[in-house]
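Q: One structure follows; several queries about it will come next.
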Amino acid sequence: MKTEGLSINLATVREQWNLREAVEACARQGIRAIDPWRDQVAKIGLEESARVIRDHGMQVTGYCRGGMFTAADDAGRKAAIEENIRAIDEAVALGADCLVFVVGGLPQGSRDIAGARSQVRDGLGAVLNHARKVKMPLAIEPLHPMYAADRACVNTLGQSLDLADELGQGVGVAIDVYHVWWDPDVEREIARAGKAKQIFAYHICDWLVPTKDLLLDRGMMGDGVIDLKRLHGLITQAGFHGPQEVEIFSANDWWKRPGDDVIRTCIERYNAVCL
């Protein structure tokens, strides 16, 4: 089966393998693109992670994740900016195509979502000069509104693109179907992103009915209600031809299966329902 154009976000097999083992498993099944997470890199070390990725000829379609800019005080916001500078440098060391940002929700004790969004804008602005200097694209990932309080106060593709437009060169979006499939404006906003060449990454999975856990019960492509072929068509028409990146958090299903079976299923479903 075709594996060209398929990337595995290593969250999909985070409970089965460490980064080294996951890269080796992807390579065994003909996959040549991945997206690692910072904790996975930290576990075996940045230098070793870069070596493993390089030795297996992997494209790094993104690096997860930067962000979490919002905080209740200046010290917290400053610490977040410093941490994001480190994340940018790690992404460069790994040769990532972009650093993906989950921007942060409401600061503890706050009800001011407009203020939180201002903190996100200011935080991204504070790291942007460094990102430009080291030539690392920053990809804002809008998250479903159910995450607005605790994970991301930027919740639509339109909001993300407004931020990217305001911040300028080097800022775009990571489009995850789990977060945008429901949006009545998604067709228009994907076209807008494509016209401005702001689509830096594209993540796929499925929305299960019923969903038993809003964070840790994502579906394998084809098991839910997302029209993946339609969204892939929109992304392609918008000019994005990079890999489709499978990102599945599944505490009670896919994380409990043998990793090789998970990757094999990703390949099968990619060919059957995503192209």
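Residue 1 is where the sequence shown starts when you use full-length UniProt numbering, and the numbers rise one by one after that. The beta carbon of each residue, even a glycine, is placed where N, CA and C say it ideally should be. Remember, it's a predicted structure, so these values are computed and weren't measured experimentally.
1. Figure out for me which residue from A71, H56, A131, V246 has the closest Cα to the Cα of V92.
2. Taking Cβ positions, are H56 and V23 nearer each other than 9 Å?
3. What whole-angstrom Cβ distance do A193 and A238 have, given they're in contact under 8 Å?
4. Could you pull out every residue in the same chain whose Cβ sits closer than 7 Å to the Cβ of D223, ignoring the five residues on either side in sequence?
5. What does the Cβ neighbour count give for G66, buried or exposed, with the cut at 16 atoms within 10 Å?
6. Would DSSP call W37 helix, strand or coil?
7. Pull the bridge partners of H203 from the DSSP assignment, please.
8. Have a look at W17, G30, V180, K135 and flag the residue whose alpha-carbon is nearest the alpha-carbon of S160.
9. Give me the DSSP bridge partner(s) of S250.
10. So which of W37, I85, G168, D176 has the shortest CA-CA distance to F69?
11. Are A79 and M58 closer than 9 Å when you measure CB to CB?
12. Assign M221 to one of two classes, buried (16 or more other C-beta atoms within 10 Å of its C-beta) or exposed (fewer than that).
13. Any idea if D176 is buried or exposed, counting beta-carbon neighbours within 10 angstroms, 16 or more meaning buried?
14. Starting from Y63, follow its DSSP beta bridges and name the residues at the other end.
15. Which of the three DSSP states is assigned to I8 in this structure?
16. On a Cα-Cα basis, can you pick out the residue from G109, K229, V262, A42 that is closest to Q87?
17. With DSSP as the reference, label A139 as helix, strand or coil.
18. Excluding the 5 residues flanking I81 on each side, which residues of the same chain have their C-beta closer than 8 Å to its C-beta?
19. Starting from H56, trace the alpha helix (DSSP H) both ways and give me its first and last residue.
20. Apply the 10 Å Cβ neighbour rule to S118 and answer buried if 16 or more other Cβ atoms are within range, or exposed otherwise.
21. Report all residues from its chain with a CB closer than 6 Å to the CB of Q16; omit the five preceding and five following residues, and keep chain order.
22. Can you tell which of A114, I263, D35, Q244 has its C-alpha closest to the C-alpha of L275?
23. Which one or two residues does DSSP pair with A22 in a beta bridge?
24. Give a yes or no on whether the C-beta atoms belonging to Y63 and A96 are separated by under 9 Å.
25. Identify, in the order they occur along the chain, each residue of the same chain with its Cβ nearer than 8 Å to the Cβ of V246, setting aside the five sequence neighbours on each side.
26. Roughly how many whole angstroms lie between the Cα atoms of P142 and Q29?
27. Check each candidate in L167, C98, E187, M146 and name the one with the smallest Cα separation from L138.
28. If I'm right that E189 touches G158 with Cβ under 8 Å, what's the distance once you round it to whole angstroms?
29. State the DSSP-derived secondary structure class of A148, mapped to helix, strand or coil.
A: Taking the structure as given:
1. A131
2. yes
3. 6 Å
4. D206, L208
5. buried
6. strand
7. D176, E245
8. V180
9. D217
10. I85
11. no
12. buried
13. buried
14. L99
15. strand
16. Correcting the residue identity first, residue 87 is Ala in this sequence and not Gln. The residue with the shortest Cα to Cα distance from A87 is A42.
17. strand
18. F69, G123, A126, V127
19. Per DSSP, H56 belongs to no alpha helix (DSSP H) and is neither H nor E.
20. exposed
21. G259
22. Q244
23. A22 pairs with nothing; no bridge assigned.
24. yes
25. L6, S7, I8, N9, T12, H203, I204, C205, M221, C266, Y270
26. 31 Å
27. C98
28. 5 Å
29. coil
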